[in-house]
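Worksheet for the structure shown next.
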Amino acid sequence: MYVPFDTLPEESRIWIYQSNRKFSDEEIAEIESALKHFLENWEAHGAGLEASYQIKYNRFIIIAVNQDTQAATGCSIDASVQFIQSIEQKYGVDLLDKMNVTFKNGEHIAYKPLIDFKKMAKEKSVSANTIVFNNLVNTVGEWEEYWEVPAGESWHSRFF
Numbered sequence: 014m015y016v017p018f019d020t021l022p023e024e025s026r027i028w029i030y031q032s033n034r035k036f037s038d039e040e041i042a043e044i045e046s047a048l049k050h051f052l053e054n055w056e057a058h059g060a061g062l063e064a065s066y067q068i069k070y071n072r073f074i075i076i077a078v079n080q081d082t083q084a085a086t087g088c089s090i091d092a093s094v095q096f097i098q099s100i101e102q103k104y105g106v107d108l109l110d111k112m113n114v115t116f117k118n119g120e121h122i123a124y125k126p127l128i129d130f131k132k133m134a135k136e137k138s139v140s141a142n143t144i145v146f147n148n149l150v151n152t153v154g155e156w157e158e159y160w161e162v163p164a165g166e167s168w169h170s171r172f173f
């Protein structure tokens, strides 16, 4: 069952998928419609999941589920991954590769393979103060507090 994102408790589990490119506004409208439809029908063992989504910077898809009402299970998580894979295929994007880094370069959102980000850190093109997106956060509360952080305060700190 789809619910507004801001009604989910802080402990709600999240999954963050970052695109290797920015989606157009038209694509975002289509993806939002598909997401809402998917979440309306998303279930675990026959019980509807209280879930929502956010799309940030036309690049990140965040799916959240309130595990207090009904926990996501292996099968329901598999269904969400299949849904994300269908978006990848339809729009020719990569949403599941975790070996990439997305960060702010001024007002611009940059996306680089991890090896290139390491090189940039070594060359001082990015610093511990560069704002990165920490897609390893697990809950809505963590997402609100620790998703957009200076690289020195996330797992990226090992490169500085």
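The sequence shown lines up with residues 14 to 173 when you count with our numbering.
Note that beta-carbon positions come from the ideal geometry of N, C-alpha and C, so glycine has one too.
Everything numeric in this text was worked out from a predicted model, so none of it was measured.
{"Asked": "Exposure label - Ala42; buried when at least 16 CB within 10 Å", "Found": "exposed"}
{"Asked": "Nearest-angstrom Cα separation, counted from Glu24 out to Lys131", "Found": "32 angstroms"}
{"Asked": "Opposing strand residues paired with Ile76 [DSSP bridges]", "Found": "Trp28 and Tyr66"}
{"Asked": "CA-to-CA distance, Gly59 to Ser99, given in whole angstroms", "Found": "22 angstroms"}
{"Asked": "Residue environment, Ile76, which counts as buried when at least 16 other CB atoms sit within 10 Å", "Found": "buried"}
{"Asked": "Alpha-carbon to alpha-carbon, Leu149 and Pro17", "Found": "23 angstroms"}
{"Asked": "Minimum C-alpha distance to Tyr30 - residue among Lys49, Lys135 and Val106", "Found": "Val106"}
{"Asked": "Proximity below 8 angstroms, CB of Lys49 to CB of Tyr15", "Found": "yes"}
{"Asked": "Classification of Trp160 by the beta-carbon crowding that lies within 10 angstroms, buried from 16 upward", "Found": "buried"}
{"Asked": "Assigned secondary structure, Gly119 (DSSP; H/G/I helix, E/B strand, else coil)", "Found": "coil"}
{"Asked": "Span of the beta strand (DSSP E) around Val145", "Found": "Ile144 to Phe146"}
{"Asked": "Alpha carbon of Ile55 to alpha carbon of Gly154, nearest angstrom", "Found": "According to the sequence displayed, residue 55 carries Trp and not Ile. C-alpha separation (whole angstroms): 22 angstroms."}
{"Asked": "Exposed unless 16 or more other CB atoms sit within 10 angstroms - verdict on Leu21", "Found": "buried"}
{"Asked": "Any non-hydrogen atom of the ligand ATP within 7 angstroms of Phe172 CB", "Found": "As presented, the structure is devoid of all ligands, the ligand ATP included, so that no description of it is given."}
{"Asked": "C-alpha distance - Phe73 paired with Ser46, whole-angstrom precision", "Found": "15 angstroms"}
{"Asked": "Buried/exposed call for Trp168, threshold 16 Cβ in 10 Å", "Found": "exposed"}
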